[in-house]
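Going by this note's numbering, the first residue of the sequence shown is number 255, and it counts up by one from there.
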Amino acid sequence: MGHHGCSPEGWQWRKGRRQVSHDWSQVFKGIASDRVVVAPVEEEEKQRGWLSQLREGLAKSRKALQQQFASVLFDRFDEALWEKIEEALIYADVGVETTVSIVERLEAE
Numbered sequence: 255m256g257h258h259g260c261s262p263e264g265w266q267w268r269k270g271r272r273q274v275s276h277d278w279s280q281v282f283k284g285i286a287s288d289r290v291v292v293a294p295v296e297e298e299e300k301q302r303g304w305l306s307q308l309r310e311g312l313a314k315s316r317k318a319l320q321q322q323f324a325s326v327l328f329d330r331f332d333e334a335l336w337e338k339i340e341e342a343l344i345y346a347d348v349g350v351e352t353t354v355s356i357v358e359r360l361e362a363e
């Protein structure tokens with residue numbers, strides 16, 4: 255059996271079928287008077303730019319960090335709390351070295 259459980263003969267039969275439209279403008283040809291151009295998702299992402307993607311990523315990290323800190327804000331400062339703070343910083347992609355540095359400074363205060 256070949257592709258998706260079909261025999262090679264069945265595959266040959268499918269290859270002989272009519273060609274399928276490649277984009278939406280071909281599918282709806284003749285329906286609308288204007289030609290609608292649909293940009294592929296990949297092109298849209300390139301157009302958004304690297305800086306926009308960076309901002310979105312940082313916003314997600316900031317939100318995750320805020321949520322973690324909000325959950326431990328009014329807890330007692332014990333070993334479990336310091337572990338929660340470390341975990342929040344690591345989940346926020348701050349980095350291990352930076353996390354250790356921040357927690358050490360906070361513990362010293």
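We put the beta carbon where it would ideally sit given N, CA and C, even for glycine.
So what does DSSP say about residue i, is it helix, strand or coil?
| i | result |
| --- | --- |
| residue 348 | coil |
| residue 331 | coil |
| residue 341 | helix |
| residue 303 | coil |
| residue 363 | coil |
| residue 289 | At residue 289 the pLDDT is 49, less than 50, meaning the model places this residue with poor confidence; the figure from the coordinates comes in the next sentence. Coil. |
Quick one: residues in its chain with C-beta nearer than 6 angstroms to the C-beta of residue i, no 5 flanking neighbours on either side, listed in chain order?
| i | result |
| --- | --- |
| residue 285 | Reliability fails at residue 285, whose pLDDT of 49 lies under 50, so the model's placement of it is uncertain and the value that follows must be treated cautiously. Hits under 6 angstroms: none found. |
Leaving out the 5 sequence neighbours to the left and right, which residues in its chain are closer than 8 angstroms to residue i when beta-carbon positions are compared?
| i | result |
| --- | --- |
| residue 317 | none |
| residue 319 | 342, 343, 345, 346, 348 |
If you measure from the CB of residue i, is any heavy atom of the ligand ATP nearer than 7 angstroms?
| i | result |
| --- | --- |
| residue 346 | Here there are no bound small molecules, and the ligand ATP is not part of this structure. |
For residue i, which residues of its own chain have a beta-carbon under 7 angstroms away from its beta-carbon, when the five flanking residues on both sides are left out?
| i | result |
| --- | --- |
| residue 356 | 343 |
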